[in-house]
Amino acid sequence: MNYDKNLGYLVNKAARMTKWDLNHSLIKLGLTSAQWGLIRDICITEKICGNDEERLQKLTPAAIAERLRADRPTVSCMVEKLVKQGWAYRISNPKDGRSQIILLTDKTKELIPMLEHLSEATLKKATKGFGENEVEQLRQYLMRMIENLNS
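Taking the working numbering, the leading residue of the sequence shown gets 60, the next gets one more, and so forth.
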C-alpha cells in the first residue's frame with residue numbers, strides 16, 4: 060500500500076505528529092495536549108454560554124466528554140489530574156447532587172494566552188510554507204470532515 064496516497068493515514072499521522080509536538084511544548088508546564096484540550100473546551104464553554112444555569116450544565120464531566128467525543132472515565136481521570144495540579148476545581152452541581160461542575164482556577168485563566176500561544180506555535184510549525192489561503196482552505200476542509208462525522 061502506498062501510504063502517501065491514503066488520506067486516512069495522512070490525516071491520522073498529521074494529527075499524531077501535531078499532538079506530539081504540542082506535548083513537547085506543554086511538558087514543562089506539566090500538561091498534556093489532551094489536558095490542554097479539556098482546559099480549552101471549558102474555557103470556550105464558559106465564554107459562549109448565555110446564563111449561569113446553562114453554563115453550569117455544560118461543565119459537567121458528562122457534557123465535557125460528549126463535546127470532546129471521549130469516554131467519561133477518561134475525562135474524569137483528566138479532571139482529577141487537573142484538580143490535583145491546581146488547573147481546575149470542582150463544585151457541586153446545584154441541579155443534580157450526583158454530578159459536579161468543573162471550573163478553571165484563576166491561575167489557569169491567567170495562563171490561557173500562553174497556552175494558546177504554544178498551540179499556535181505548533182500549528183505554525185505544521186503549516187510552514189503554506190500560504191494564508193491554503194491554511195484557510197485546510198481549516199475549511201477539516202471543519203467539513205468534522206461536520207460530516209458529527210452527523
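Using N, Cα and C, we set each Cβ at its ideal position, and we do this for glycine too.
- Taking 4 residues as the minimum length, the alpha helix (DSSP H) runs contained wholly in the segment 60-130 are 66-85, 92-107, 111-116 and 120-127, in order along the chain.
- The way I'd put it, the segment 62-76 doesn't touch the segment 130-144; fewer than three beta-carbon pairs between them come closer than 8 angstroms.
- Per DSSP, the unbroken alpha helix (DSSP H) holding GLN196 starts and ends at 191-209.
- In the three-state reduction of the DSSP assignment, SER135 falls in the helix class.
- Nearest Cα to LEU118 within the set GLY89, SER151 and SER92: SER151.
- Checking the DSSP bridge columns, you'll see ILE160 partnered with ILE150.
- Comparing alpha-carbon positions, the option among LYS64, LEU66, ASP100 and LEU69 lying closest to GLU175 turns out to be ASP100.
- Our two residues, ARG114 and ILE107, have alpha carbons roughly 8 angstroms apart in a direct line.
- Taking the Cα positions, LEU201 is about 23 angstroms away from ALA122.
- Ranking TYR68, ALA93 and LEU66 by CA distance to the CA of TRP79 puts ALA93 first.
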